[in-house]
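Residues 2 to 410 (this note's numbering) make up the sequence shown, in order. Think of the CB as a built atom: it goes at the ideal place given N, C-alpha and C, for glycine as much as any other residue. Reading through the structure tokens given below for one structure.
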Amino acid sequence: MRRFLILLSLLLLVGAWVGQAMMKDSGYVLIAYQQVSIETSLWVLLIAVVLLFTLTHWLFNLFSNWRSPAEKLRRWSEARGDRKAGTKSNQALDAELEGDLWKARRLFIQAAELSRTPALFYLEAARCAAEQGDEKEAHRILIKAAKESPESELRLQLEQVRFDVKSGHHERAGELLSRLAKERSNSTAVDREKATLLSAKRDWNALLPMLPSLQKRKVLNSSDIQTLRRTAALSKLNNLEETSRTALDQCWEDLSYEAQQDPEVRRAYIGQLTALNETADACSQIIKWLAKHWDNDLAVRFSELPCDDPDSMIKTAKGWLKQQPDNAAVELVLARLSRRAQLWGAALTHYRKSLELNHQAQTLIELTELYLQLGEQREASQLLSSKNAPLQLPTPSEADRTTRHHLTH
């Protein structure tokens, strides 16, 4: 409103100034060309120019925005189709929420046939068919979608690959991916699905060399790369073609540096060494790794390894305790090693300290067993009672005891 008042005031001022100027002098303009001449006042000429400009501008806008009846009908038909497609898709989503996948699939197909962008609706219909276990119908829908939406062909073909991988048709998925890789080299989407296929096939020898390139090109994020690398390494370690130290060492050497640094992979390697009775090498390897990077699980694994020299292991664990003070895992390691060396007092002390730092059920069980082994039944009972106190378990009444007595006799 304020802008309108300001504009109106400016127009009144300009009009007053122009009127005053016209009263002072009307001016004179002569336009002559060959035998034709036009005489007029200056102000009439200016008004004629303004009117001519306004008329030209209006005619230009009229013709530029003019549409033929056929064009208007086409646009109206497309808009009507989009509205109907939206209605059908909403009905399909409601049917899917109700669990009626057959109805949802039918409605998604109807929405696709009405829409100018049918690919998304066809994808949803194919997904519904796949969830119903109707693989042939899902493939038929995707093929139809690719014909009607050539611009979405890659996305539809990749969806077909996902269906094949999920349903276990790895060979068919591999053939389609090979063709797509030739047609669309360096496609991140194709490489991502290829990595998924190789993981599903557990073809680690083919997948592992791809991971550095996939990570560099950011085909997969760092978390997914790490998961794939770990899964592949664990599978190779736990499924050796030959159960021998030579085969184990060769498998370990074939793993990448990143895989060898993974804590879970290291634990699997120690497990394989232990299974081959290479406990001395397992102990030395754990000590070497923990000197560079601490891992509580590896430290606890160290206490589980059989060894002919427990005193040396205790000395090593005491060195860890200096580096990791108030560490429940190290206290548990020392408790186990002391118990193995029959150092009962030290074992009790370290068990209690570990339990104080971290109330673990395994530590509680082992300490209770040690009390019973030493003939300290009362201490074992008190330990269990004190640790179970937070549960606030009810004490059975005399009626409960009587009922139990009748039920057991």
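- Residues of its chain near T317, where Cβ-Cβ distance is below 7 Å and the 5 sequence neighbours each way are ignored: Cβ neighbours of T317 beyond the five flanking positions: I288.
- Query: For the candidate residues L108, K145 and L102, whose alpha-carbon lies nearest to that of E132?
  - Reply: In this structure, L102 is the residue among L108, K145 and L102 with its C-alpha nearest to the C-alpha of E132.
- Message: DSSP three-state label for A174, please.
- Response: Helix.
- Query: Taking the alpha carbon of E114 as the point to measure from, which residue in A276, D95, A86 and L344 has its own alpha carbon closest?
  - Reply: Selection A276, D95, A86 and L344 evaluated against E114 yields A86 as nearest (Cα-Cα).
- T189: first and last residue of the uninterrupted alpha helix (DSSP H) it sits in: Segment T189 to K202, the alpha helix (DSSP H) holding T189.
- Just curious, the alpha helix (DSSP H) that E40 is in, first and last residue? Here E40 belongs to no alpha helix (DSSP H); instead the beta strand (DSSP E) covers V37 to T41.
- Query: What are the partner residues of I226, as DSSP defines its beta bridges?
  - Reply: Paired residues: none, contrary to the question.
- Message: Please report the distance separating the alpha-carbon of S10 from that of I32.
- Response: Roughly 35 Å separates the two Cα atoms.
- Query: Sorted by chain position, which residues of the same chain lie with C-beta nearer than 8 Å to Q216's C-beta, five sequence neighbours on each side aside?
  - Reply: Within the same chain, Cβ atoms closer than 8 Å to the Cβ of Q216 are found at S223 and I226, the five residues on either side in sequence being excluded.
- Task: Using alpha carbons as the reference points, say which of D298, L212, Y34 and L306 lies closest to R268.
- Result: If we check each option's Cα against that of R268, D298 comes out closest.
- Coil, strand or helix - A1 by DSSP: With the chain covering only 2 through 410, there is no way to say anything about residue 1.
- Message: According to DSSP, simplified to helix, strand and coil, what is P307?
- Response: In the structure shown, P307 adopts coil according to DSSP, grouped into three states.
- Task: Helix, strand or coil for E184, going by three-state DSSP, please let me know.
- Result: E184: helix per DSSP, three-state reduction.
- Query: Does the distance from the CB of S304 to the CB of V334 come in under 7 Å?
  - Reply: Cβ atoms of S304 and V334: closer than 7 Å.
- Message: Using 8 Å for Cβ pairs, my map puts S90 next to P119. What's the rounded Cβ distance?
- Response: Contact flag wrong, Cβ pair sits at about 11 Å.
- Message: Using 7 Å as the threshold, is the C-beta distance between L198 and A174 below it?
- Response: Against a cut-off of 7 Å, the Cβ pair of A174 and L198 comes out as a contact.
- Item | Neighbourhood of L221 by C-beta distance below 6 Å, restricted to the same chain and skipping five residues each side | Within the same chain, L221 has close Cβ partners L215.
- Measure the alpha-carbon distance for R302 versus H170 and round it to whole angstroms. Separation of R302 and H170 (C-alpha to C-alpha, rounded to the nearest whole angstrom) is 41 Å.
- Helix, strand or coil: which one does DSSP assign to M211? The DSSP-derived three-state label of M211 is helix.
- Message: Let me check understanding here. Comparing Cα to Cα, which of D165, A276, T369 and N187 lies closest to K137?
- Response: Closest in alpha carbon position to K137, among D165, A276, T369 and N187, is D165.
- What distance in whole Å lies between the Cβ atoms of E125 and F442, which are believed to be in contact at a cut-off of 8 Å? In this structure the chain extends from 2 to 410, so residue 442 is not present and cannot be described.
- Helix, strand or coil: how does DSSP classify P326 here? In this structure, DSSP gives P326 a state outside helix and strand, which the three-state scheme calls coil.
- Message: For A130 and K167, I'd like the C-alpha separation in whole angstroms.
- Response: Taking the CA atoms as reference points, A130 sits about 13 Å from K167.
- Task: Rank L344, Q378 and V331 by C-alpha distance to the C-alpha of E357 and give the top, closest one.
- Result: Minimum Cα distance to E357 is reached at V331.
- Query: Under the three-state reduction of DSSP, which class applies to A49: helix, strand or coil?
  - Reply: The answer is helix: DSSP assigns A49 an H, G or I state.
- Going by other Cβ atoms of all chains shown within 10 Å of its Cβ, with 16 needed for buried, is V51 buried or exposed? The residue in question, V51, is exposed, as its Cβ has fewer than 16 Cβ neighbours within 10 Å.
- Item | Selection from A234, T275 and S313 that minimises the alpha carbon distance to E265 | Checked all of A234, T275 and S313; the closest Cα to E265 is A234.
- Query: For the putative contact between R340 and L365, defined by C-beta atoms under 8 Å, what is the C-beta separation to the nearest angstrom?
  - Reply: Rounded to whole angstroms, the Cβ separation of R340 and L365 is 15 Å, and the two are not in contact under 8 Å.
- H410 to R379, Cα distance in whole Å? Because the pLDDT at H410 is just 46, under 50, the model does not fix this residue reliably, and the point stays unresolved.
- Buried or exposed: K293, going by 16 or more other Cβ atoms within 10 Å of its Cβ? When all chains shown are included, K293 counts as exposed.
- Message: With distance defined between alpha-carbon atoms, name the residue in R163, C252, L373 and L212 nearest to T228.
- Response: The option with the nearest alpha carbon to T228 is L212.
- Message: If I measure Cβ to Cβ from D263 and keep anything under 6 Å in the same chain, skipping five residues before and after, which residues do I get?
- Response: For D263, the CB contacts under 6 Å within the same chain, skipping 5 residues up- and downstream, are R231 in chain order.
- Message: Measuring straight from C-alpha to C-alpha, what distance separates M2 and L13?
- Response: Whole-angstrom Cα-Cα distance: 17 Å.
- Item | Sequence-distant residues of the same chain with beta carbon closer than 6 Å to A381, five excluded per side | Exclusion of the five residues before and after A381 leaves T369, Y372 and L373 as the residues of its chain whose Cβ lies within less than 6 Å of its Cβ.
- Message: What would DSSP say about H410, mapped onto helix, strand or coil?
- Response: Residue confidence for H410 is low, a pLDDT of 46 falling below 50, so the modelled location carries little weight; the figure read from the coordinates is stated next. The DSSP-derived three-state label of H410 is coil.
- Other residues of its chain near Q425: CB distance less than 7 Å, five sequence neighbours each side excluded: Since the first residue of the chain shown is 2 and the last is 410, residue 425 is not available in this structure.
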